[in-house]
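Quick notes on the structure that follows.
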Amino acid sequence: MLKVLEDLIKTIRDRKNTPIDGSYTNKLLKDKNLSLAKVKEEMSELYEAVEKNTNKIHESADVIYHLLVYLEANNIKVEEVIEELKKRKK
Numbered sequence: 005m006l007k008v009l010e011d012l013i014k015t016i017r018d019r020k021n022t023p024i025d026g027s028y029t030n031k032l033l034k035d036k037n038l039s040l041a042k043v044k045e046e047m048s049e050l051y052e053a054v055e056k057n058t059n060k061i062h063e064s065a066d067v068i069y070h071l072l073v074y075l076e077a078n079n080i081k082v083e084e085v086i087e088e089l090k091k092r093k094k
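Going by this note's numbering, the letters in the sequence shown line up with residues 5 to 94, in that order.
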């Protein structure tokens, strides 16, 4: 299960380091405002999906993807976020 997330993070980082023309991920990485807007949009869509009990899994996946891209675009490493979460464990 976590392998899928690791692969996604690797792909996002690969796009950041070696851009591919026409890549949606590259478009988001280059435009931080767009990336932020997409995180907000996808969170709103997830909220609506939860409220209506429809498409929750699809919208959750969109939120995770867009959040990971936003973090990478802003040089926030997921590994550091995980370490922070570990520190909070009681």
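Even for Gly, the Cβ is constructed at its ideal location relative to N, Cα and C. In this text, all values refer to a predicted model and were calculated from it rather than measured experimentally.
At least one CB of chain C closer than 8 Å to the CB of residue 31: is that the case? Considering every chain present, this structure includes no chain C. It has just one protein chain.
With distances taken Cα to Cα, identify the nearest neighbour of residue 48 among 70, 18, 5 and 33. 70
Using the Cβ count rule (16 or more neighbours within 10 Å means buried), how would you classify residue 15? exposed
For my contact list, residue 13 and residue 72 are in at a C-beta cut-off of 8 Å; report their separation, rounded to the angstrom. 6 Å
Does the stretch 50-61 come into contact with the stretch 18-33, if we say contact requires no fewer than three beta-carbon pairs (one atom in each stretch) closer than 8 Å? no
Going by the beta-carbon positions, is the gap between residue 39 and residue 77 smaller than 8 Å? yes
Could you tell me the distance, in whole angstroms, from the CA atom of residue 80 to the CA atom of residue 8? 19 Å
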